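Engineer: I am attaching a structure below and will ask some questions about it afterwards.
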């Protein structure tokens, strides 16, 4: 039986805040662990602007509070290509697209996490620097590893292999209009004026939103957010 067969699809439930979504994910994990399922890697995905990082942090806190061993965090964003590499490849103007990540490095990390008998160091992403930074988080040998990112359900080379290493994948489904609003605000926070921010979201982020939205059926569970 696959996780999709064994876990109730939650798309019919009311939309919840990030905190409510985190509680529903934590409840799901507690139920699965209580039923004897072995969960090593829990993935949280959804389009950019869905609040995945916020939800993931909250889930980590909730699991620790409920006595579920947490091994650490292994975010997909740690595998952004550096700005210098993106410039060299001519991809800097669409940073955040699937081919602007070191997907095979991400696959290698998840593979190591599943089989390692020692602590694994995972990279992170510094939003203040707009750059990935190596060895920012330690992943221990025991407990659940949380990973989050836009493309965890993408059915393309590399991403497909990453999906196979995620034991339980949750898709956070946020209304497109809300996602667009958040992304414009994010770009403004990075220093762009409203016109430039809106242009970036319309020409870069919008395509990624649609691409990720099409992967929702590859998740084990879909949770509606607002």
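Numbering (the numbering used here), first residue to last: 309 to 534. By construction, the Cβ of each residue, glycine as well, lies at the ideal position given by its N, Cα and C atoms. Quick caveat: nothing in here was measured; it's all calculated off a predicted structure.
(1) With a cut-off of 8 angstroms, do at least 3 Cβ pairs link the segment 505-520 to the segment 377-387?
(2) Kindly indicate which residue of 339, 434, 408 and 447 has the alpha-carbon position closest to the one of residue 397.
(3) Taking the DSSP output, what are the residues bridged to residue 440?
(4) Determine which residues share a DSSP beta bridge with residue 478 and list them.
(5) Buried or exposed for residue 465, going by 16 or more other Cβ atoms inside 10 Å?
(6) Counting Cβ pairs closer than 8 angstroms, one from the segment 453-467 and one from the segment 409-421, do we hit at least three?
(7) With respect to the alpha helix (DSSP H) encompassing residue 497, which residues constitute its N-terminal and C-terminal limits?
(8) Report the rounded CA-to-CA distance for residue 383 versus residue 375, giving the unit in angstroms.
(9) Assuming residue 491 and residue 357 are in contact, meaning their beta carbons sit under 8 angstroms apart, how far apart are those beta carbons, in whole angstroms?
(10) Could you please give the first and the last residue of the uninterrupted beta strand (DSSP E) stretch that includes residue 455?
(11) Give every residue of the same chain whose Cβ lies closer than 7 angstroms to the Cβ of residue 521, excluding the five residues on either side of it in the sequence, and list them in chain order.
(12) Using the Cα positions of residue 445 and residue 427, report the straight-line distance between them to the nearest angstrom.
(13) If you draw a straight line from the C-alpha of residue 333 to the C-alpha of residue 345, how long is it?
(14) Using a 10 Å radius around the Cβ and a threshold of 16 neighbouring Cβ atoms, would you call residue 604 buried or exposed?
(15) Apply the 10 Å Cβ neighbour rule to residue 386 and answer buried if 16 or more other Cβ atoms are within range, or exposed otherwise.
(16) Sorted by chain position, which residues of the same chain lie with C-beta nearer than 7 angstroms to residue 535's C-beta, five sequence neighbours on each side aside?
(17) I'd like the span of the beta strand (DSSP E) that includes residue 380, first residue to last.
Structural biologist: Inspection of the coordinates gives the following:
(1) no
(2) 408
(3) 433
(4) 352 and 529
(5) exposed
(6) yes
(7) 484-497
(8) 22 angstroms
(9) 4 angstroms
(10) 452-457
(11) 355
(12) 10 angstroms
(13) 15 angstroms
(14) Since the first and last residues shown for the chain are 309 and 534, residue 604 lies out of range.
(15) buried
(16) In the structure displayed, the chain extends from 309 to 534; residue 535 sits before or after that span and is not available.
(17) 378-381
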